[in-house]
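When we follow full-length UniProt numbering, the leftmost residue of the sequence shown carries the number 1, and every step to the right adds one. Glycine included, every Cβ here is placed at the ideal spot set by N, Cα and C.
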Amino acid sequence: MSASDLISPITGTSGPVHLPAAEDWMQGRTLYGGASTLLAYTAAKREYPDLPPLRSAQVAFVAPVGDTVEPRIEMIREGRNVTQLRSELLVDGKPALSAFFVFGTEREPNAVHPAPKADPWPGAPEDAEKVPEPKGKHFISNYELRRAQDTSGPGEPVVRRWFRPKTDHGLDPISLLILIGDTLPPGAMRAMQRQGPLSSINWMFNILEPEPTTRDGWWLAETASDHAGHGYSSERLRLWNADGELVMVGMQAAAIFG
1 MSASDLISPI
11 TGTSGPVHLP
21 AAEDWMQGRT
31 LYGGASTLLA
41 YTAAKREYPD
51 LPPLRSAQVA
61 FVAPVGDTVE
71 PRIEMIREGR
81 NVTQLRSELL
91 VDGKPALSAF
101 FVFGTEREPN
111 AVHPAPKADP
121 WPGAPEDAEK
131 VPEPKGKHFI
141 SNYELRRAQD
151 TSGPGEPVVR
161 RWFRPKTDHG
171 LDPISLLILI
181 GDTLPPGAMR
191 AMQRQGPLSS
201 INWMFNILEP
211 EPTTRDGWWL
221 AETASDHAGH
231 GYSSERLRLW
241 NADGELVMVG
251 MQAAAIFG
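Below, the structure is given as structure tokens:
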């Protein structure tokens with residue numbers, strides 16, 4: 001099912017919500033980060049439909065999110081230009097995800113400094129090698145993936161992939177960025193001494209382009225570990241469009257098990 005099917009039961013009203021499409025977006029025993037964050041964002045937008053564009057978010061993945069959630073929205077402050085609110089997903093009455101969203105109207109720019117294009121440039125996605133799909137049920141099956149780096153296996157803790165959704169999810173541009181912005185595994189997977197599970201603890205991101213577009217649905221994503229040790233990794237996340245223009249940046253703490 002599409003991501004639109006996943007969020008369609010979210011109405012902006014209180015009470016538990018059952019998600020029939022959750023099974024297609026699971027990562028182990030929880031909805032993967034982009035899908036669960038999209039639920040929290042959708043709940044906020046449907047309760048407050050006149051919010052300005054999303055600029056930034058801080059998300060805590062507290063506990064597994066399954067096929068039944070209860071959204072809880074709290075307006076923190078509504079200023080002249082910036083609105084801040086908290087959106088939580090409750091499971092069995094307890095927070096499983098807590099997101100703090102910052103929305104802001106566009107202003108006359110006083111500082112203009114466009115982000116540099118993707119470097120090193122991996123070449124066009126159409127020319128890249130396809131990545132095999134994982135075995136079994138996994139949210140990544142919703143995407144077509146292609147390689148965007150020469151290295152594979154252990155090595156520098158950076159993961160780069162071209163990817164695009166297999167279907168049109170019918171999402172607005174910002175909802176699509178939220179869905180896809182946390183797609184890749186942590187870069188620290190390349191520095192692991194033995195195979196084991198990894199889990200995102202949080203996700204902070206900034207939206208650089210409020211109306212992002214790309215070519216033929218392709219996006220270039222990167223996760224890179226700045227430091228891994230003591231069972232955790234500090235990760236940088238970046239997302240470019242098919243022309244190498246940076247549209248989203250983020251940071252994340254990941255738990256490295258095993």
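The beta strand (DSSP E) spanning residue i covers which residue range?
i      : result
ASP226 : 219-229
LYS94  : 94-104
SER56  : 54-61
ALA253 : 246-256
ARG46  : Here ARG46 belongs to no beta strand (DSSP E); instead the alpha helix (DSSP H) covers 33-47.
PRO173 : Note, PRO173: premise wrong, no beta strand (DSSP E); alpha helix (DSSP H) at 173-180.
SER234 : 232-241
ARG86  : 82-91
THR68  : 68-78
PHE139 : Neither: PHE139 is in no beta strand (DSSP E) and is coded neither H nor E.
ASP164 : The amino acid occupying residue 164 in the given sequence is Arg; Asp does not appear at that position. Looking at the DSSP string, the run of the beta strand (DSSP E) that includes ARG164 is 158-165.
GLU144 : 143-147
ILE10  : Neither: ILE10 is in no beta strand (DSSP E) and is coded neither H nor E.
TRP203 : 202-207
Taking C-alpha atoms, which residue in the options lies nearest to residue i?
i      : options                        : result
GLU70  : GLY15, PRO165, PRO134, GLY217  : GLY15
THR11  : GLY155, TRP25, LEU39, PRO116   : LEU39
ASP67  : THR214, TYR32, SER56           : TYR32
PRO52  : TRP203, ARG72, ARG161, GLY79   : GLY79
LEU179 : MET192, THR83, ALA188, PRO165  : PRO165
VAL17  : ASP92, PRO134, ALA63, LEU198   : ASP92
VAL82  : PRO95, ASP50, TRP219, PHE61    : ASP50
ARG55  : THR105, GLY258, MET251         : THR105
PRO197 : THR213, ASP216, TYR232, GLU126 : TYR232
ARG77  : PHE103, GLU129, ALA21          : PHE103
LEU225 : ILE256, ARG146, GLU245, VAL247 : According to the sequence as given, residue 225 is Ser; it is not Leu. Among ILE256, ARG146, GLU245, VAL247, the Cα nearest to that of SER225 is on ILE256.
GLY229 : LYS130, GLU133, GLN193         : GLN193
ASP216 : LEU246, LEU208, GLU144, GLY258 : GLU144
ALA128 : ASP5, GLN84, TRP162, MET248    : TRP162
LEU85  : ASN110, ARG107, ALA57          : ALA57
ALA191 : GLU209, THR151, LEU6           : THR151
Buried or exposed for residue i, going by 16 or more other Cβ atoms inside 10 Å?
i           : result
HIS227      : exposed
ASN206      : exposed
residue 281 : Any property of residue 281 remains undetermined from this structure, which presents the chain solely from 1 to 258.
LYS45       : buried
ALA124      : exposed
GLN27       : buried
PHE101      : buried
ALA254      : buried
MET189      : buried
VAL112      : exposed
THR37       : buried
SER87       : buried
GLN195      : exposed
PRO157      : buried
ASN142      : buried
GLY250      : buried
residue 259 : As shown, the chain starts at 1 and ends at 258. That puts residue 259 outside it, with no answer to give.
GLY258      : exposed
GLY34       : buried
ARG146      : buried
Which residues in the same chain have their Cβ closer than 6 angstroms to the Cβ of residue i, if we skip the five residues on either side of it in sequence?
i      : result
PRO122 : ALA148
THR167 : SER2
ARG160 : ALA148, GLN149, GLU222
Quick one: does residue i have its CB under 9 angstroms from some CB of chain C?
i      : result
PRO186 : Among the chains in the structure shown there is no chain C, since it carries only a single protein chain.
Considering residue i, what are the terminal residues of the alpha helix (DSSP H) in which it resides?
i    : result
LEU6 : 3-7
Within its chain, find whatever has a CB closer than 7 angstroms to the CB of residue i; leave out the 5 residues flanking it on each side and keep chain order.
i      : result
VAL62  : PRO95, ALA96, LEU97, SER98
ALA43  : ILE10, GLY12, PRO71, ILE73, SER87
TRP218 : PRO125, TRP162, ARG164, ALA242
For residue i, collect the residues of the same chain with a Cβ closer than 8 angstroms to its Cβ; drop the 5 residues on either side in sequence, then sort them by chain order.
i      : result
LEU177 : ILE207, PRO212, LEU239, VAL247, MET248
Discussion item. Below 8 angstroms, how does it come out for the stretch 234-243 and the stretch 175-188: are there three or more Cβ pairs, yes or no?
Written reply: Inter-segment contact for the stretch 234-243 and the stretch 175-188 is present: three or more beta-carbon pairs are separated by less than 8 angstroms.
Discussion item. Quick check: the stretch 166-176 against the stretch 193-205, are at least 3 beta-carbon pairs closer than 8 angstroms?
Written reply: In the pairwise beta carbon analysis, the stretch 193-205 is classified as not touching the stretch 166-176: fewer than three pairs are separated by under 8 angstroms.
Worksheet item: Taking one C-beta from the stretch 239-249 and one from the stretch 113-131 each time, how about it: are there three or more such pairs within less than 8 angstroms?
Response: The stretch 239-249, when compared against the stretch 113-131, does touch it at the 8 angstroms Cβ threshold.
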